[in-house]
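Novice:
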Amino acid sequence: MDLYAVAGNPVAHSRSPAIHAQFAAQTGQALRYERLLCPLDGFAAHIQAFAAGGARGCNVTVPFKFEAHALASRLSERARLAGAVNTLRFDTAADGQPDWFGDNTDGAGLVRDIEHNAGRRLAGQRILLLGAGGASAGVLGSLIAARPAAINVANRSVDKAARLVAQHAEWAAQHGVDLQASNLQGCGSGFQVLINGTSASLAGAAVPVTEGVLAPGALALDMMYGPAAAPFLAWAAAQGAEGRDGLGMLVEQAAEAFALWRGIRPDTGPVLQALRQELA
Ligand code: ATR
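Residues in the sequence shown are numbered consecutively from 2, following the numbering used here.
1) Once the 5 residues before and after Phe102 are set aside, which same chain residues still bring their CB inside 6 Å of it?
2) Which first and last residues belong to the alpha helix (DSSP H) in which Asp160 is found?
3) Taking any heavy atom of ligand 1 as the mark, which residues have a C-beta closer than 7 Å to it, listed down the chain?
4) Distance, Cα to Cα, Ala133 vs Val63?
5) Out of curiosity, what's the CA-to-CA distance linking Ala22 and Ala56?
6) Name the two residues that bound the continuous beta strand (DSSP E) containing Phe233.
7) Report yes or no: do three or more beta-carbon pairs, one from the segment 257-267 and one from the segment 28-39, lie closer than 8 Å?
8) For the beta strand (DSSP E) containing Ala152, list its first residue and its last residue.
9) Of all the options Asp114, Ala52, Arg122, Phe67, which has the alpha carbon lying nearest to the alpha carbon of Asp100?
10) Using alpha carbons as the reference points, say which of Ala83, Ala8, Leu72, Val154 lies closest to Cys1.
11) With a threshold of 7 Å on Cβ separation, who are the neighbours of Ile190 within its own chain once the five nearest residues in sequence on each side are excluded?
12) Provide the residue span of the alpha helix (DSSP H) that contains Arg266, from first to last.
13) Would you say the beta carbon of Met224 is closer than 8 Å to some non-hydrogen atom of ligand 3?
14) Taking just the CA atoms, how far does Ile196 sit from Val208?
15) Taking the continuous beta strand (DSSP E) assigned at Thr88, which residues delimit it?
16) Taking one C-beta from the segment 70-84 and one from the segment 103-111 each time, how about it: are there three or more such pairs within less than 8 Å?
17) Can you check DSSP and say which residues form a bridge with Ser137?
18) Using beta-carbon positions only, say whether Glu253 and His117 come within less than 9 Å of one another.
19) Would you call the CB atoms of Arg140 and Met224 closer than 9 Å?
20) For the alpha helix (DSSP H) containing Gln27, name the first residue and the last one.
21) Mind checking which residues open and close the beta strand (DSSP E) that includes Val214?
22) Grab me the residues of Pro232's own chain with a C-beta within less than 8 Å of its C-beta, minus the 5 sequence neighbours each way, in chain order.
23) Determine the direct distance from the alpha carbon of Leu220 to that of Gly227, and round the result to whole angstroms.
24) Have a look at Ala229, Pro11, Arg36 and flag the residue whose alpha-carbon is nearest the alpha-carbon of Ala288.
25) Taking just the CA atoms, how far does Asn184 sit from Asp268?
26) Within the continuous beta strand (DSSP E) that includes Asp179, where are the two ends?
27) Using 10 angstroms around the beta-carbon of His70, count the other beta-carbons present and answer buried if the total reaches 16, otherwise exposed.
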């Protein structure tokens, strides 16, 4: 039976095994999906041993997405842009040597959740992306590819936002997207979509943006889910926005990885519904 895993540290909390088990049952794919706790100083060796044991691929989570990027011998364009990999497929070259393909499905998962599950087209919209760390870097390329009119990356330290924007400048120009960086205070207003990619809510801090940035009826999405997302969702409601947590993105990025490995796209609707019920 084909073997996969989610590799991280910590990884005990991961919902990915349950999600992929449902995808496998639904599509009739014979596979096993485990949790792989990797030592902080031994990610590469751990993954190499996992692959050598016959595994076919893995998802990668905090804090190893950058190391996974370095381990891949081939990268998708979106993984290259993100500088991070959340999905590895253990391919073999014609000479029998490992030839691993690295992808990043986080951004596609986010875009699919917004467009398909929340029913909002991103094309032509103005997006405010809060944060310039790994979470934001992982999704910016896919947000640009959805062809919004503009994206402002706003971060506490504006230098980091400027760096992220510079890395994506050519990609944004190709897609006709006005891409800017700012600090959290000067991010402007009238955004139809706000995405929180900061880890502020994990630390129990307030939503790190001034009031009045949103257009009426905007969508405000936090990439967190569960209790961590609750303060953000309360803030969104107080702004008159439609609040959304990161659970849909989690399921959609998993579906994208499953499709990469198995060549078949699962139906995410019932899986997301079951997860929501479980967390309620
Ligand atoms: P991740 O991989 O989850 O994105 P990260 O790379 O450490 O983690 O990035 C965390 C992001 O949350 C950064 O954009 C950080 O802002 P700085 O770059 O200025 O540090 C942001 N962040 C964390 N706590 C915050 C807070 N209390 N207020 C505003 N931004 C915060």
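For glycine and all other residues, C-beta sits at the position ideal for the given N, C-alpha and C. In this text the structure is predicted, and so the values were computed from the model without any measurement.
Specialist: Concretely, from the data shown:
1) Arg75, Arg90, Asp92
2) 159-168
3) Val63, Gly132, Ala133, Gly134, Gly135, Ala136, Ser137, Asn156, Arg157, Ser158, Lys161, Leu185, Gly198, Thr199, Ser200, Ala201, Ala204, Ala206, Pro209
4) 16 Å
5) 16 Å
6) That residue, Phe233, is in no beta strand (DSSP E); its alpha helix (DSSP H) goes 231-239.
7) Below 8 Å, enough C-beta pairs join the segment 257-267 and the segment 28-39 to call them touching: three or more.
8) Note on identity: in this sequence residue 152 is Ile, with Ala being the wrong assignment. Start and end: 151-155.
9) It is Ala52.
10) Residue 1 is absent from the model: the chain starts at 2 and stops at 281.
11) Checking the displayed sequence, the identity of residue 190 turns out to be Ser instead of Ile. Hits under 7 Å: Gly213, Val214.
12) Element bounds for Arg266: n/a, residue is neither H nor E.
13) Absent from the structure shown: ligand 3. Ligands present: ligand 1.
14) 11 Å
15) Taken as a continuous stretch (DSSP letters only), the beta strand (DSSP E) holding Thr88 covers 88-90.
16) yes
17) As computed with DSSP, Ser137 is found in no beta bridge at all.
18) yes
19) Looking at the sequence provided, one finds Val at residue 140 rather than Arg. It is a contact, given that the beta carbons lie within the stated cut-off.
20) 17-28
21) Element bounds for Val214: n/a, residue is neither H nor E.
22) Ser202, Gly205, Ala207, Val208
23) 18 Å
24) Lying before the first or after the last residue shown, residue 288 is absent from the chain, which here runs from 2 to 281.
25) 39 Å
26) Segment 179-183, the beta strand (DSSP E) holding Asp179.
27) buried
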